[in-house]
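Q:
Numbering (our numbering), first residue to last: 1348 to 1526.
1. Are the segment 1462-1476 and the segment 1438-1450 in contact at 8 Å, needing three or more beta carbon pairs?
2. Evaluate contact between the segment 1488-1500 and the segment 1433-1444, counting only Cβ atoms and requiring at least three cross-stretch pairs below 8 Å.
3. Consult DSSP for residue 1371 and reduce its assignment to one of helix, strand or coil.
4. Reducing DSSP to helix, strand and coil, say where residue 1475 ends up.
5. Buried or exposed: which applies to residue 1475, given that a residue is buried once 16 or more other Cβ atoms fall within 10 Å of its Cβ?
6. Leaving out the 5 sequence neighbours to the left and right, which residues in its chain are closer than 6 Å to residue 1378 when beta-carbon positions are compared?
7. Pull up the distance between the alpha-carbon of residue 1456 and that of residue 1385, whole angstroms please.
8. Checking contacts by CB at 8 Å: is residue 1418 closer than that to chain B?
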C-alpha cells in the first residue's frame, strides 16, 4: 500500500520505528556537534576560510536542529518523550563543555566555535521542553545563532587578516604581572 513507514498501524513501521529514530538521532546530533562529536565543528571553523566557516557555523550545523525538530521529533513523539532525559543530559553536557572550552580558547574563531557548541546544548534542552515557549525559544535561538555566529566568524576572519593575529588578548592585572 506504500505507507509502511508513515502508517502507525503498519507492522513494519512499529518494528522499524526505534531503529529509524536512533539513526535520525545519531545523524542530527552529529550534525549539531553535540559533545563528544563536537571537534569537527571547532576544527572546521578554525582551519577553513572565514567565508566557508561562517556558512558552516551559521547554516550547516543549524540544519541539524531543523532536521531534529521536523523529522525526528514530529515523526516519533512517543520515543522523544521516552528519551527526553537523554536529550536534557546531552544538552547540559554539551552546554557546560562548550562553555569550558570557550573559556580556555586562545583565538577568536575557536572561541566562537566553542560558544556555538555551548549554545547548541541550550537549544537541545529547549527542544524537549514540554511547553510552546521553550520551542519558540529554541527556534529563536537557532535563528539568532545562524545569523550572529555566521557574521562573527566572518568578521573575525577579516580582523585576523588585517591584524595578522587571531589571538585573544588576555586581561592583565597587577597580581598577574607580579608572577
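Note that CB positions come from ideal geometry on N, CA and C, so glycine has one too.
A: Looking at the atomic coordinates:
1. yes
2. no
3. As a working mapping, residue 1371 is identified with position 24 in the chain shown. Of the three classes helix, strand and coil, the one that applies to residue 1371 here is helix, per DSSP.
4. For the purposes of this step, residue 1475 is identified with residue 128 of the chain shown, where counting begins at 1. Note: residue 1475 maps to coil in three-state DSSP.
5. The residue labelled residue 1475 in the question sits at position 128 within the chain shown. Residue 1475 should be labelled buried.
6. Indexing the chain shown from 1 puts residue 1378 at position 31. Residues 1411 of the same chain have their beta carbon placed closer than 6 Å to that of residue 1378, with the five preceding and five following residues left out of the count.
7. The residue you call residue 1456 lines up with position 109 of the chain shown. The residue you call residue 1385 lines up with position 38 of the chain shown. Straight-line Cα distance between these residues: approximately 14 Å.
8. Protein chains in the displayed structure number just one, and chain B is not present.
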